[in-house]
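J.: Number 38 in this note's numbering belongs to position 33 of the sequence shown; there are no gaps in the numbering. All residues carry an ideal CB built from backbone N, CA and C; glycine is no exception.
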Amino acid sequence: MTDLTGKTVVLTGAAGGLGGYISQQLVQAGAKVVGVDIARSPLDAWCEKILASGGQAVGYDWDLSKLETLARLVETIERDCGPIDVLINNAGLASYRAFEDCTLAHMQALIAVNLMAAMELTRLLLPGFRARHQGHIVNVASLAAKMAHPYDSVYAASKAGLLLWSDSLRQELIDSPIQISVVCPGYIAESGMFAKTELPAPKLSGISHPSLVASGVLAAIRQNRAQLIVNQNLVGETSAKVTLAISQLIPGFGDWVSHALGVPELNRQRAIARKQKSATLSGLP
Ligand SMILES: NC(=O)c1ccc[n+]([C@@H]2O[C@H](COP(=O)([O-])OP(=O)(O)OC[C@H]3O[C@@H](n4cnc5c(N)ncnc54)[C@H](OP(=O)(O)O)[C@@H]3O)[C@@H](O)[C@H]2O)c1
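#1: In chain order, what residues of the same chain lie with their CB nearer than 8 Å to the CB of residue 79, ignoring the 5 residues before and after it?
#2: In chain order, which beta strand (DSSP E) runs of at least 3 residues are fully inside the stretch 41 to 118?
#3: Residue range of the alpha helix (DSSP H) that residue 255 falls in?
#4: Using only CA atoms, which one of 148, 26, 135 lies nearest to residue 216?
#5: Which full runs of the alpha helix (DSSP H) of 4+ residues lie inside the stretch 112 to 155, going along the chain?
#6: What do you reckon, are the CB atoms on residue 86 and residue 39 nearer than 9 Å?
#7: Pick from 228, 162, 268: whose alpha carbon is nearest that of residue 206?
#8: Rounded to whole angstroms, what is the Cα-Cα separation between residue 115 and residue 35?
#9: By the 10 Å Cβ neighbour count, where 16 or more other Cβ atoms means buried, how is residue 212 classified, buried or exposed?
#10: Please look up how many angstroms separate the CB atoms of residue 6 and residue 113, rounded, as I've assumed it's under 8 Å.
#11: Which first and last residues belong to the beta strand (DSSP E) in which residue 190 is found?
#12: Taking 9 Å as the threshold (C-beta atoms), are residue 142 and residue 91 in contact?
#13: Looking only at its own chain, which residues have a Cβ that is under 8 Å from the Cβ of residue 13, when we skip the five neighbours before and after it?
#14: Compare the Cα-Cα distances from residue 74 to each of 111, 122, 47 and report the closest residue.
#15: Report whether the distance from the Cβ of residue 198 to the nearest heavy atom of ligand 1 is below 8 Å.
#16: Just grab the DSSP bridge partners of residue 171 for me.
#17: Cβ-heavy atom distance between residue 192 and ligand 1 below 8 Å?
#18: Beta carbon of residue 127: closer than 8 Å to some heavy atom of ligand 1?
#19: Taking 9 Å as the cut-off, decide whether the C-beta atoms of residue 65 and residue 82 are in contact.
#20: Find the nearest neighbour of residue 244 within the set 226, 229, 263, 53, judged by alpha-carbon distance.
#21: DSSP puts residue 4 in a beta bridge; with which residues?
#22: Between residue 153 and residue 235, what straight-line distance do the alpha-carbon atoms span, to the nearest angstrom?
#23: Should residue 170 be listed as close to ligand 3, given that the test is whether its C-beta is under 8 Å from any heavy atom?
This is the structure in structure tokens:
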């Protein structure tokens with residue numbers, strides 16, 4: 006879809022860190038943005054910002070983990086806004102914990118939001134896309150989908166699932182007018198789930214400005230890119246790709262690079278920080 010002018014784009018996680026940047030670029034491209042996010046008040050602020058900039062936006066506060074309600078969400082959007090042209094599955098939950106600290110509820114919520122909601126929204130939109138001979142789906146995965154790190158196992162599983170499901174579906178629909186892309190960002194600076202941890206990214210790992218990742222999402226749509234890694238700059242992206250390629254041949258190589266960059270220790274720190282924060286919030290000593 007080379008031209009987004011006048012297109013209706015559903016963006017999940019619209020009020021989050023990356024969502025704000027993707028929305029801005031969609032508005033600049035002339036699209037009408039339908040934002041879905043869990044909490045009303047950040048969504049209202051998101052909507053006001055877009056309307057103030059002269060863009061078109063509508064927000065729906067919806068809990069995407071309630072998978073059985075998503076058919077009603079799609080019906081509501083189509084009734085209010087007309088047919089949907091593009092779906093960007095961007096909403097996500099972070100994990101940052103030792104696997105032994107995961108509860109069943111945490112694993113279910115994370116897999117529901119990061120993977121199942123994207124699948125279910127896509128499943129619900131495909132008939133309309135087929136009928137109108139167009140439609141593009143972008144799934145925002147992560148570099149964690151390609152190389153896992155400790156203290157983030159459920160997140161890695163959800164993103165690896167998203168990546169391979171996207172790739173399988175893209176091939177299944179190759180002769181149809183429906184296009185599927187997956188975008189894999191590395192660390193994102195300034196806002197979003199990594200920035201919220203307030204821990205620095207390991208030196209040499211690459212960290213992207215969210216506007217660069219948002220540009221990647223729009224490029225994926227305009228150029229119908231099957232898969233896009235976004236990791237700061239050409240050096241960051243190239244070294245990530247080389248590491249991933251060698252890791253396919255020598256699996257221990259990825260672990261070695263990861264240790265050399267300090268990623269396991271960073272993730273351990275994130276897990277400790279998360280645990281301390283949740284203990285404070287629940288009043289535990
Ligand atoms: N930030 C990074 O470094 C990074 C790197 C690679 C990939 N990614 C991916 O990029 C995407 C955007 O992440 P981000 O960094 O912008 O994170 P973010 O700021 O936390 O944004 C995610 C948004 O999704 C919303 N959300 C969570 N659970 C939901 C639910 N059940 N129903 C509806 N909305 C829900 C969040 O709401 P609450 O804030 O209220 O929970 C938030 O507004 C995610 O898929 C993430 O995995 C991020």
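T.: Per the coordinate set shown:
#1: Answer for residue 79: 89, 126, 129, 130, listed in chain order.
#2: Secondary structure remark: continuous beta strand (DSSP E) runs of at least 3 residues inside the stretch 41 to 118, in chain order: 61 to 66, 91 to 94.
#3: Note, residue 255: premise wrong, no alpha helix (DSSP H); not H, not E.
#4: If we check each option's Cα against that of residue 216, 26 comes out closest.
#5: Listed in chain order, they are 122 to 136.
#6: Yes; because the gap between Cβ atoms is below 9 Å, this pair is in contact.
#7: Distances from the alpha-carbon of residue 206 to those of 228, 162, 268 put 268 closest.
#8: Going from the Cα of residue 115 to the Cα of residue 35 covers about 33 Å.
#9: Of the residues assessed, residue 212 falls on the buried side of the cut-off, its CB having 16 or more other CB atoms within 10 angstroms.
#10: That belief does not hold up - the Cβ atoms of residue 6 and residue 113 are roughly 34 Å apart, past 8 Å.
#11: If you look at residue 190, you'll find it in the beta strand (DSSP E) that goes 183 to 190.
#12: It is a contact, given that the beta carbons lie within the stated cut-off.
#13: Excluding its 5 nearest sequence neighbours in each direction, residue 13 has C-beta neighbours in its own chain below 8 Å: 36, 37, 39, 86, 87, 88, 89, 90, 91, listed in chain order.
#14: When only C-alpha atoms are compared, the closest one is 122.
#15: Of the heavy atoms belonging to ligand 1, at least one sits nearer than 8 Å to the Cβ of residue 198.
#16: The partner list for residue 171 (beta bridge, DSSP) is empty, contrary to what the question assumes.
#17: At least one heavy atom of ligand 1 is nearer than 8 Å to the Cβ of residue 192, so yes.
#18: No; taking the cut-off as 8 Å, the Cβ of residue 127 has no heavy atom of ligand 1 nearer than that.
#19: Cβ distance < 9 Å, so residue 65 and residue 82 count as in contact.
#20: Checked all of 226, 229, 263, 53; the closest Cα to residue 244 is 263.
#21: Summary: the structure shown does not reach residue 4, with the chain confined to residues 6 through 290, and so no result is reported for it.
#22: Linking residue 153 to residue 235 through their CA atoms gives a straight-line distance of about 17 Å.
#23: Because ligand 3 does not appear in the structure shown, any question about it cannot be addressed here, the ligands present being ligand 1.
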